[in-house]
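Heads up: the sequence shown runs through residues 13 to 121, numbered per my numbering.
Every residue, glycine too, gets a C-beta built ideally from N, C-alpha and C.
Note sheet for the following structure.
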Amino acid sequence: MKVKITEAASNKLQEKISGKHGYVKLKYDIDGCGCAVSGVAALWFESEHYEEENKIETGGIPIYMEKAKEVFFDEEMIIDYKDTAGCFQLKSPNEYLNPRMSFHDKRKL
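Structure follows, in structure tokens:
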């Protein structure tokens, strides 16, 4: 799996995590969906990473993803940030996987 982070997204992620310890994760969030196939992609910032997560090199900030959830994502993806919408975007060469992707700081403080 390949994930590229655009300069705009990298700058925004750095702004959100600067000076904080944690790991950026690309999650397939099914909270409130009631069904595993109705999830939505989201970025989470968590205190630790786990053995069941793969580290995905992006050429910048590493992203972690649950191995079991990789099936819900494309082989090549881009994480971008749009100032006009105030949100991240997850896209592949074929489609937008989430044009309004949120970022959640889930660290245990």
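Taken atom to atom, the span from the alpha-carbon of Asp-41 to that of Phe-57 is near 13 Å.
The region 62-70 makes contact with the region 78-90; the number of CB pairs closer than 8 Å reaches 3 or more.
Pairwise C-beta distances place the region 67-74 out of contact with the region 105-116, as fewer than three of them are shorter than 8 Å. Excluding the 5 residues flanking it on each side, Lys-39 has same chain C-beta neighbours closer than 6 Å at Ala-54, Trp-56, in chain order.
If the five residues before and after Cys-99 are omitted, its C-beta is found closer than 7 Å to the C-beta atoms of Arg-112, Met-113, Ser-114, all from its own chain and listed in chain order.
Beta-bridge partners assigned by DSSP to Met-77: Asn-66. Under the three-state reduction of DSSP, Ala-21 is assigned to helix. CA-CA distance, Tyr-35 to Met-89, rounds to 19 Å.
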